[in-house]
Amino acid sequence: MLHGMLPVLPTPFTEAGSVDPEAMAGIVDFALASGVDGVVFPGFASEVDELSAAERTALLKVVVNRIRGRLPIVAGASAPTALESISHCREALANGVRHVMIQAPKSVGTTTEAVSAFYGEIAAAVPGIEIVLQNAP
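Be aware that the sequence shown starts at 2, since it is given in this note's numbering, and climbs by one per residue.
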């Protein structure tokens, strides 16, 4: 079970605007040295919407390689559709990340039934993944 402090790691960019894997490694090292209980990447605070699929995966791999199983990692897997969230979940699992954080998109609606069906579809499609529910204003 997740517990304690799990910060959302920011995405470092170079002056030219590309992602900076070396700086990402430094951010992970700083989090580890600060005594966190786990990390979250990518999240809304990571400017995830600015990342391509390849950048997202490359930086998640940096996080996984730096953590080396010492702490839990929660991969952000929110997306406009359940199919896209499922893809993010599968990518996380393929990289050894068992926990994902997902916010149901506004298009799902606000009824308990609709939101439950959204998360249920993801859980059924990706056995073994543990979903952390997210709600951001």
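Where is the CB? At the ideal position from N, CA and C, for every residue including glycine.
Proximity of residue i and residue j at Cβ, strictly below 7 Å
i, j, result
"G5", "V49", "no"
"L10", "F45", "no"
Nearest-angstrom Cα separation, counted from residue j out to residue i
i, j, result
"R69", "V127", "23 Å"
"V98", "P73", "8 Å"
"M1", "A137", "Residue coverage of the chain in this structure runs from 2 to 138, which leaves residue 1 outside it and unanswerable."
"D30", "A115", "40 Å"
"G36", "Y120", "31 Å"
"T112", "V20", "38 Å"
"C90", "E16", "31 Å"
"L84", "P106", "12 Å"
"T58", "E92", "8 Å"
Range covered by the alpha helix (DSSP H) that runs through residue i
i, result
"E23", "P22 to A34"
Just list the beta strand (DSSP E) runs in the region 63-116, keeping only unbroken ones of 3 residues or longer that don't cross its boundaries, in chain order. List check, beta strand (DSSP E) in window: 74-77 and 100-103.
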